[in-house]
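Just so we're aligned, residue 0 is where the sequence shown starts under my numbering, counting upward by one. Beta carbons: idealized from backbone N, C-alpha and C, even for Gly. Worksheet: the structure to be examined is printed underneath.
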Amino acid sequence: MFFTLAVIIAVVVVAFLIKGLSEKDEVAKREEEREISFSQHAVQRMDERGIETDRVIRVLEEGIRVQIANYNRLKVSDDEMTVILEKRLDNFEVITVYWNDDDHKDADLIP
């Protein structure tokens, strides 16, 4: 009787371990699937406009408006910023990023 109970407990523990590992694999797989790269043009514009990578990612995750632009491009924006990205075979590539208002545009001219 004790042996049977020990085997059942061991099976349950192993099942939970396997489930935990498979959930970690699923999270990693989802992160890979939503991988985002940045074109050289986007990196240059982000540098010129003082836009951080984290801010671009936040717009993509929480964007208020999403529109289909030319060809296979998407336009994702919030109240402050717009991100243009293109669907590639295995990821999305940010093509360019810009501020929506004139206040930030004036800051671009300051050296």
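Counting of Cβ neighbours within 10 angstroms places V65 among the exposed residues, the total staying below 16. Counting the other CB atoms within 10 Å of its CB gives A68 a total below 16, which places it among the exposed residues.
Annotation for E92: no alpha helix (DSSP H) segment contains it, though the beta strand (DSSP E) segment containing it runs 91-98. Rounded to the nearest angstrom, the Cβ distance from R48 to V96 is 7 Å, consistent with a contact under 8 Å. Residue burial is scored here from C-beta neighbours: R44 has at least 16 other C-beta atoms within 10 angstroms and is therefore classed as buried. Taking C-beta separations shorter than 8 Å and ignoring five residues to either side along the sequence, the partners of S36 in its chain run R87, N90, F91, E92, V93, following chain order. Per the DSSP secondary-structure output, M80 pairs in a beta bridge with W98.
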